[in-house]
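Just below is one structure, and these are the notes that go with it.
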Amino acid sequence: MFLRPLCQSRNRIVDGAWAHCLHLGLENCLMDKQNSENLLEVNNIEVVYNDIIQVLRGVSLNVSKGGIVALLGTNGAGKTTTLRAISGLLKPENGFIRDGYIKFAGSDITNVLGTHVVKLGAVMVPEGRRVFKHLTVAENIRVGSITRKDGSQKIRADNDKMYDHFPRLSKITHRLAGYCSGGEQQMIAIARALMASPKMLMLDEPSLGLAPLLVKEIFENVEAINREMDTTILVVEQNAKIALQVSDYAYIMESGKIVLEGPSKELRDNPDVKEFYMGVTQGGGRERAYKYEISRCLQRFNRVQGSP
Amino acid sequence: MSTNRWLATGNYFTSYQDEQRLFFTHLDRTILTMFLLLLFVWPLLFTLSNKYMLVIDNILIAVVAIIGLNIVTGFAGLISIGHAAFVGIGAYTVASFSRTLGDSHVIITHAWPLMIVLSGLTGAVFGAIVGLPAMRLKHLYLAIATLSFQMIFTWTINFLEFFNQGQTISISRVFWFTGKLGRKDHYLFWYYVLLVVVVLSGFMVRNLLRTRYGRCLSAVRDNDRAADAMGMHPGLTKVYAFGLAGFFAGVAGALHAYVYRGVGFESFTLHHSITYLAMAIVGGLGTLNGSFWGPAAIITLELQVETLAEHAGQILPSTWNLATALKPFSFGLVIVLFLMFEPRGIANWWRIVRSYTKLWPFRY
Amino acid sequence: MSYFFQLVVSGIVVGSIYALAALGFVLIYKSSKVLNIAHGQIIAAGAFIAYALTGWVGIPIYISFLLSMVITFFLAMSVERIFLRRLIGEPIISVIMVTIGLMSIIDGLIFLTPFGSVNFSFPQFLPQELISFGGVSISWTQLVGVIVTVLMIGGFSWFFKKSTVGISMRAVSDDQFASMSVGISVPRVFGLAWATAGLSAAAAGGIIGNITGLNFETLQAFGITVFPVVILGGLDSILGAVVAGIIMGVIQQFASGYLDGNWGLNGTAEVLPYIILLIILLFKPHGLFGIHEIERV
Amino acid sequence: MENRKRMTVVLSLTLIFIVAFTFQAQAGQTYKLGLSLAITGPTSDAGDPYSKGVEDYFNYVNDMKLLGDDKIDCTIRDDQYKTDITKRNFEDFLDQGIVFYLNYSTGSTLALKKDFDEEKMPTIPASFHAGNLVDSSYIFLPIASYSAQAIGLAEYVVNNHKGSTPKVAMFIHPSAFGRGPVSDVEKAVAAGLDMEIVEVVEHGKDLDNTAMLKRLNSKGVQYVISQTIQSPVATMLKDASRLGMVAKTFGEPPPTLSPRSPVQVRTPSWPWPRSTGVMIRLPTPIITPMALWWPRLLPKSFDAPRPGA
């Protein structure tokens, strides 16, 4: 099932990663058989903004239940768009899934409104923390439970659980979230999303603008959430190093396509990944990187010229 | 820049200066010149009735005022709900002369160009003063500061004996080289004056946007903190913007006073401020040609609806208030529909039409 | 001295009615950052519906007041639904202009009814006697007005502070995208904001209509009259609306009580609120209780 | 607004009179008239029924052949109480060739005064502001001006008052038509009318007039003569009766919609004293002559004789 999108002719693979992909794809296919229950299935979606700007060109990915999946890529690769497509938040940006489908927990959520997706149990933590600046920390967290219908008892219990989980927040419940530090804001955002008791949590660049130590703390938290609350996690990152450490499985995006995927362990050792996403080069790597950049530039240029 | 500026069909900019030219091609310039010529010539070819001449004068007065409003609301992004008051300041500058010197004093009847400029300057001074809170206030709070000015203006005019407590202060007909204007040529004469003023203001604003200050304006509109960081002074820029808006409004006010031959506070109420805003938005905020489209569209619409209401009134039984209801209803509906389906105003249609013809005769 | 106290009491009474009228602005602004210029028209509509129900249909007056609140609730909600939902995401000035257009549309609709040009008055349903203590007196109408205001404002403050829906309405005003990401339906919140504003407008309409009579011009002018109150209070603060309302009410009473008739002054109550508003805004640019935009770059 | 109930009757009759005598018309001629008034906008509560009254009256005139074979064609335009639009309407009417013009608001009448004179266009405004007549030879007031009405009331007060010089306050609209009568009443007082004008109050959009009334009371004011639109007077009357001042009407008993016929305006909940004048009697009596207009009165009274109706 992984082969299909990769083999489609329009998905021109950018560079020499083609062979790797095919190889890994096959391997995954076999591996995946063992824990084959997919919570989220994104099948070959294409997203356009404003009816003309095509951002995603056939993205497929799967998130299995209970796992941590990372989606890596550079700026403008389409990671955030993918996440928004899943969580039904394309509409405010005038975006639309033109082709393909997304399934979450068995139900089709292609082009469905965000509220519905949250009710089904997939919650996103938006990029750049986006806490409600003028609400207190406690109110921020409470807002997360808006879609829940399972009684105030349970909600209150969950609320307490959040403070156990992020003890730092329990000290500042009455502070306005806008005045909290970056790390605290990220915790608020995660706690807020968790209040919806999601089956799957989607994190959009949780490391953005945070100090390395804080990034580590946040990712430790993410792991703990995954472990203790049995929440599946899909994390979008630019910081490939830490993302690959934490996740079980990872996808790499490039210009609106998945170009590479595999278990995180393997990707960590993949020379291309090392070179382009972790900044580690081995013999002659710089030159290769340079050439790659040029070819990519040319490709973009051609695309711009070619588009109507 | 293409070598042949008659047949240029596309963007051939090679420097930033190119992009800031007043006319991109000779064709543009020729068309505009022809159009202006036409505007000057048509009244000589056939005559309109006084009513429609007055309507056209009215549109042109509004155009001058909207050019001002567009500087402050469109280019600088500050909502002004007190624009009619600035127009009123201009009108009442003329009125104060009339009040102190008598309504047919030589300054009013002969030196009227001076009066118009003077009104503009008074408007600018008041604009700058009202703009002062812009140093600190933002968004709607600023809008309400302008609203306050509107209310204070209305009250002052209505209260002070000097302004005849809001009752009409008359202004007599002006003199031209041919002597005192008669009733018949009154509106025609002011049509030409207004046309000259509108053309001058149009070029002034077009040029203004090419200057450093013009760029400051849009920078401050888009993000005043970033503009601050770039070394612009957002507060002062806003105050200038209000001053400029006040200038155009003042000129419009003086013209209004002369065309209507009298100044009364009923022409400068909050309701007019709101109508001015509607004109600016329907025309297209932040565009120069929107300043022309907006007043033309709104005033024409008003006339059309009036006719429609009259016809409806003849068909429908007079016991039913439908004809009365039709006027505000359709007026509001047009504004709402415009904003819902074309929030960038008529100027956007103009832009689309232009971009279609820009590459003519060649196509993509 | 009793003159002074009478002024204060009248000021508070008038001010609390201002607060109720201002509440509608605050409710809408709080969630959608839109200033609804057509609020005066909705106030008038609320009053007219109440009259139509009691005067023409013959429903008891108390019930018709409640019913008019319910009807206005749904009316305002559908106004949002029809006209404003499409504009989510457009610049604020366009949305404000839409409310200006809306003003004309509602004007037109009201001119279709007799209310556009005929004056009516509510049947009297409260005791005629004055309530006076120590030389200071207010009428039952005014007292009921104050009580309704206190109830409504208390209720709404509780709603925004404590209930999850209320908090999420504030969240939407803060960051629409983030609130969508946690599953808040932003259009529904806007609809709710308009609906509650409609409800408060109907209450205000009922009270003002009882005091001034049902004259369309007078009622709809309240939309503009309470602007200084809304801004002075800080646009998004319910408490601010109350405090500013009372301040403005007392100022107006003092103005007409002490300034008018002396030194040749007249009608100062009309203009003084705006002057004071300007002065206060220079020192407190966000009104008395308005939220300071937290801008962390 | 500034109308009395029989105003339109008088107005129209005068008008017919003028039309009939000014133009020795041939049989079957149609006279064009123009009326510009506020059907919408401020004061539309008076303007709208006014327009209907005029319309119905001219229908009546034509249907009943009051002018023989001649007909009157009156174009009615809404000006939203705006001077600019009034001017436009007037220009339009001129283009259409009207022979007689009906205007509405005080503001526009004053603003267009010069035009009327230049065009030699006879005009009857709905505003009976005495100032309309100053420097103008083409504006006609078919009934007493506001000033005359106010002076009449002042005389009524003086004649009926027992004891020392009556103390009077004036409660007026903050505009030309409200302020107009003040100076004339003052002149009358200066000329020997035994009355003292203590204060002139220009009202706003007040919700509470308690302070004003108490102040007037403390200054010893015994009567209030008011010259304004309905709503402020209604609010003031309520506040007055709340403070223990009893309102009493004089003039004709008004037509009513309600079974409670308020010949005596006692109840604060009945804000519309439906008569031409109201007297509030409290510790001290207050007279409020009000410019009142009862909508639909005129059409109704003409319903009966209209043929085929």
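Protein chains in written order, with this note's numbering: chain A, 33 to 340; chain B, 456 to 819; chain C, 238 to 534; chain D, 28 to 336. Glycine included, every Cβ here is placed at the ideal spot set by N, Cα and C.
Residues Pro37, Gly90, Ser92 and Gly132 of the same chain have their beta carbon placed closer than 6 Å to that of asparagine 76 of chain A, with the five preceding and five following residues left out of the count. Using a Cβ-Cβ cut-off of 9 Å, tyrosine 715 of chain B is close to Thr110, Asp111, Lys114 and Ala138 of chain D, given in chain order. Taken atom to atom, the span from the alpha-carbon of valine 185 of chain D to that of serine 253 of chain D is near 16 Å. Interface criterion not met: the Cβ of phenylalanine 491 of chain C is under 9 Å from no Cβ in chain B.
Counting C-beta pairs closer than 8 Å gives fewer than three between the region 490 to 499 of chain B and the region 698 to 717 of chain B, which falls short of the contact rule. When the five nearest sequence neighbours on each side are left out, the beta carbons in the same chain lying within less than 7 Å of the beta carbon of valine 381 of chain C are those of Leu363, in order along the chain. In the displayed model, glycine 669 of chain B falls within a helix according to three-state DSSP. If you draw a straight line from the Cα of lysine 521 of chain C to the Cα of isoleucine 526 of chain B, it is about 27 Å long. Annotation: phenylalanine 198 of chain A to alanine 102 of chain A spans about 23 Å, alpha carbon to alpha carbon. Ranked by Cα distance from aspartate 83 of chain D, the options D:Ala65, D:Tyr58, D:Ile103 and D:Asp96 are led by D:Ile103. Of all residues in the region 620 to 647 of chain B, the ones placed with a Cβ closer than 7 Å to any Cβ belonging to chain D are Gln620, Gly621, Gln622, Thr623, Ser625 and Arg638, in chain order. Residue contact check for isoleucine 404 of chain C against chain A: a CB pair falls below 9 Å.
C-alpha of serine 470 of chain B to C-alpha of threonine 666 of chain B: approximately 16 Å in a straight line. Straight through space, the alpha carbons of proline 568 of chain B and methionine 197 of chain D are spaced by roughly 44 Å. Annotation note: the region 441 to 512 of chain C contains the following uninterrupted alpha helix (DSSP H) runs of length 4 or greater, listed N- to C-terminal: 453 to 462, 464 to 470 and 475 to 491. Among the residues of the region 222 to 237 of chain A, those with a Cβ less than 7 Å away from any Cβ of chain C are Arg224, Ala225 and Ala228, in the order of the chain.
Residues of the region 65 to 88 of chain D that bring their beta carbon within less than 7 Å of a beta carbon in chain B comprise Ile66, Thr67, Asp75, Lys79 and Glu82, in sequence order.
In the DSSP assignment, aspartate 483 of chain B falls within the alpha helix (DSSP H) that extends over 481 to 500. Secondary structure at isoleucine 544 of chain B: helix, using DSSP grouped into helix, strand and coil. Against chain C, the CB of serine 132 of chain D has no partner CB under 9 Å away; the residue lies outside that interface. For a Cβ distance threshold of 7 Å, residue set Ser504, Asn505 and Lys506 of chain B lies close to aspartate 122 of chain D, ordered along the chain.
Residue pairing of tryptophan 631 of chain B in beta bridges, as defined by DSSP: B:Gly634. DSSP, reduced to helix, strand and coil, places tyrosine 507 of chain B within a helical segment of the structure shown.
Nearest C-alpha to proline 238 of chain A among A:Gln217, A:Lys231 and A:Gly120: A:Gln217. Interface residue (Cβ-Cβ distance to chain A less than 9 Å): phenylalanine 427 of chain C is not classified as such.
Secondary structure at valine 144 of chain A: coil, using DSSP grouped into helix, strand and coil. Membership of tyrosine 195 of chain A in the alpha helix (DSSP H) is indicated by the continuous run 184 to 197. Residues of the region 206 to 217 of chain D with a C-beta atom less than 7 Å from some C-beta of chain C do not occur.
Contact between isoleucine 166 of chain D and phenylalanine 143 of chain D holds, with the beta-carbon distance rounding to 6 Å and staying under 8 Å. Along the region 779 to 794 of chain B, going in chain order, the ones with a CB nearer than 9 Å to a CB of chain C are Thr779, Ala780, Leu781, Lys782, Pro783, Phe784, Ser785, Phe786, Gly787, Leu788, Val789, Ile790, Val791, Leu792, Phe793 and Leu794. Against chain C, the CB of histidine 197 of chain A has no partner CB under 9 Å away; the residue lies outside that interface. Methionine 91 of chain D is classed as exposed because its beta carbon has fewer than 16 other beta carbons within 10 Å across all chains shown. Separation of arginine 716 of chain B and glycine 532 of chain B (C-alpha to C-alpha, rounded to the nearest whole angstrom) is 34 Å.
Look at lysine 189 of chain D here: in three-state DSSP terms it is coil, with no helix or strand label.
At a beta-carbon threshold of 9 Å, the residues of chain D lying near tyrosine 240 of chain C are Ala238, Lys241, Arg242 and Ser245, ordered along the chain. The C-beta of arginine 259 of chain A has fewer than 16 other C-beta atoms within 10 Å across all chains shown, which makes the residue exposed.
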